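Participant: This structure is in structure tokens; I'll ask about it shortly.
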């Protein structure tokens with residue numbers, strides 16, 4: 033039997049070493065600290081000379097199992113778990129940037145990431161430039177002498193834009209920049225940015241990795257030397273994941289493949305059903321032929337993902353009426369759940385942006401983001417059709 037195993041096997045069989053109790057399922061390690069064998073071991077642990085656990089803010093067997101799985105799935109050397117997805121995004125940038133540094137970012141990123149770049153980083157004299165996605169050639173022209181990092185989401189939230197990771201990987205290596213990719217929408221099952229040259233891969237594990245709307249968590253995965261710096265930053269600033277959340281997320285990963293297969297199948301069906309609907313301006317989904325980056329999506333993603341967006345005719349008021357007319361779909365700001373969720377980004381997740389900023393990243397007034405769940409596809413489509421009819 034070959035050592036190389038498939039995704040579904042790795043994610044289930046990668047586990048923390050069993051204790052003397054011979055448990056089949058990994059237990060929870062709900063402890064704040066760990067006992068040293070002797071004074072010499074304590075000294076060696078604090079000097080980073082030997083592996084082991086000191087304090088759960090630094091490491092814990094449950095957190096280590098989660099990260100070992102994610103590194104295996106993403107094809108990265110090392111990683112750390114964080115208390116939330118935004119803690120992962122912030123630490124992956126703040127740990128490696130200093131006053132006077134500059135980064136390039138895709139214009140279409142999550143609302144809180146915009147706030148980090150636009151509001152928080154300027155306090156520390158860290159600047160940024162947004163770059164449009166549709167012309168990769170423009171990225172190189174935006175690089176400055178003090179540029180240190182490229183940060184992108186693909187597919188982006190909520191516009192579902194696709195970025196050429198291979199192109200950016202080559203650009204980053206040419207200019208000795210750090211390519212940092214938010215892989216939240218795709219998950220390690222659908223896309224592996226490190227394969228295309230990413231140095232860091234970040235996740236909001238709260239979304240599809242958990243998959244059931246239960247816990248908050250994030251992860252930063254990547255090159256060992258970069259993770260070493262990020263680990264130091266996180267160890268002393270404290271955005272650590274709880275062992276319980278790590279345990280839940282590690283168990284959730286065991287069903288990621290089967291869940292994502294169903295999410296993608298349902299989302300693809302919703303997109304195809306709606307693509308010619310008379311009450312919609314447009315429908316966007318990475319694996320629809322009409323998507324502007326369809327060929328690129330097919331190149332770097334296994335399937336199209338679990339999120340569909342569309343613009344209802346009638347703008348913001350029609351969008352609100354549509355949401356209020358839903359009977360089954362949840363009206364929530366989350367995504368990646370077993371339950372199908374509808375969101376109006378302009379008034380929720382991206383409401384802190386100006387109207388001009390929203391339009392620049394494709395968030396039009398009537399844009400609806402649907403995180404397509406695992407319910408029967410006929411029930412999902414029936415509820416969307418009903419809401420479109422009732423909101424006219």
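Numbering (the numbering used here), first residue to last: 33 to 424.
By construction, the Cβ of each residue, glycine as well, lies at the ideal position given by its N, Cα and C atoms.
None of the values given here were measured: they were computed from a predicted structure.
If you drop the 5 nearest sequence neighbours on each side, which residues of the same chain put their C-beta closer than 8 Å to that of residue 140?
Facilitator: 165, 185, 188, 189, 191, 193, 393 and 394
Participant: Please name the residue or residues paired with residue 110 in a DSSP beta bridge.
Facilitator: 254
Participant: Is the beta carbon of residue 368 sitting closer than 8 Å to the one on residue 403?
Facilitator: yes
Participant: Among residues of its own chain, excluding the 5 on either side of residue 318, which ones have a beta-carbon nearer than 8 Å to its beta-carbon?
Facilitator: 187, 192, 194, 325, 326, 329, 333, 336 and 337
Participant: Along the chain, which unbroken stretches of the alpha helix (DSSP H) at least 4 residues long are found entirely within the region 312-387?
Facilitator: Counting only unbroken stretches of 4 or more residues, the alpha helix (DSSP H) elements lying wholly within the region 312-387 are 326-332 and 347-357, in sequence order.
Participant: Verify whether the separation of the beta carbon atoms of residue 128 and residue 40 is less than 8 Å.
Facilitator: Not in contact: residue 128 and residue 40 (Cβ atoms no closer than 8 Å).
Participant: Looking at C-alpha atoms only, which residue of 309, 240 and 252 is the closest neighbour of residue 291?
Facilitator: 240
Participant: Looking only at DSSP bridge pairs, what is residue 85 linked to?
Facilitator: Bridge partners of residue 85: none, in fact.
Participant: Could you tell me the distance, in whole angstroms, from the CA atom of residue 285 to the CA atom of residue 272?
Facilitator: 19 Å
Participant: Sorted by chain position, which residues of the same chain lie with C-beta nearer than 7 Å to residue 385's C-beta, five sequence neighbours on each side aside?
Facilitator: 143 and 146
Participant: Can you tell me whether residue 33 is buried or exposed? The criterion is at least 16 other CB atoms within 10 Å of its CB, across all chains shown.
Facilitator: Its pLDDT being 41, under 50, residue 33 is placed unreliably by the model, and the measurement read from it follows with that caveat. By the 10 Å Cβ count, residue 33 comes out exposed.
Participant: From what residue to what residue does the beta strand (DSSP E) around residue 236 run?
Facilitator: 232-236
Participant: Who does residue 401 pair with in a DSSP beta bridge?
Facilitator: 341 and 375
Participant: Quick check: the Cα distance between residue 58 and residue 287, rounded to an integer number of angstroms?
Facilitator: 16 Å
Participant: My assumption, with CB atoms under 8 Å, is that residue 251 sits in contact with residue 102. Please give the rounded CB distance.
Facilitator: 5 Å
Participant: Exposed or buried, what is residue 257 when buried is set at 16 or more other beta-carbons lying within 10 Å of its beta-carbon?
Facilitator: exposed
Participant: What is the rounded straight-line gap between the Cα of residue 320 and the Cα of residue 304?
Facilitator: Using only the alpha carbons, I get a separation of about 7 Å.
Participant: Going by DSSP, name the residue or residues bridged to residue 212.
Facilitator: Residue pairing from DSSP places residue 212 in a beta bridge opposite 183 and 232.
Participant: Give a yes or no on whether the C-beta atoms belonging to residue 84 and residue 216 are separated by under 8 Å.
Facilitator: no
Participant: Hey, residue 94 and residue 131: beta-carbon distance below 8 Å or not?
Facilitator: no
Participant: Which full runs of the beta strand (DSSP E) of 3+ residues lie inside the region 103-163, going along the chain?
Facilitator: 110-114, 134-138 and 159-163
Participant: When the Cα atoms are used, what is the spatial distance from residue 202 to residue 148?
Facilitator: Approximately 26 Å, taken between the alpha carbons.
Participant: Which whole-angstrom value is the C-beta distance of residue 16 and residue 374, which I expect to be below 8 Å?
Facilitator: The question about residue 16 has no answer here: the residues shown for the chain are numbered 33 through 424.
Participant: Which residues mark the beginning and the end of the alpha helix (DSSP H) in which residue 227 is found?
Facilitator: Here residue 227 belongs to no alpha helix (DSSP H), and DSSP marks it neither H nor E.
Participant: Could you spell out where the alpha helix (DSSP H) holding residue 78 opens and where it closes?
Facilitator: Note, residue 78: alpha helix (DSSP H), 71-78.
Participant: Whole angstroms is fine: what's the gap from residue 255's alpha carbon to residue 67's?
Facilitator: 30 Å
Participant: From the DSSP output, in three-state form, read off residue 96 for me.
Facilitator: helix
Participant: Report the residue from 223, 172, 347 and 97 whose alpha carbon sits nearest the alpha carbon of residue 207.
Facilitator: Checking every option, the nearest Cα to that of residue 207 belongs to 172.
Participant: Would you check if the distance between the CB atom of residue 222 and the CB atom of residue 183 is smaller than 8 Å?
Facilitator: no
Participant: Can you give me the C-alpha to C-alpha distance between residue 267 and residue 124, rounded to a whole angstrom?
Facilitator: 13 Å
Participant: Rounded to the nearest angstrom, what separates residue 111 and residue 278 at their Cα positions?
Facilitator: 13 Å
Participant: DSSP puts residue 272 in a beta bridge; with which residues?
Facilitator: 114
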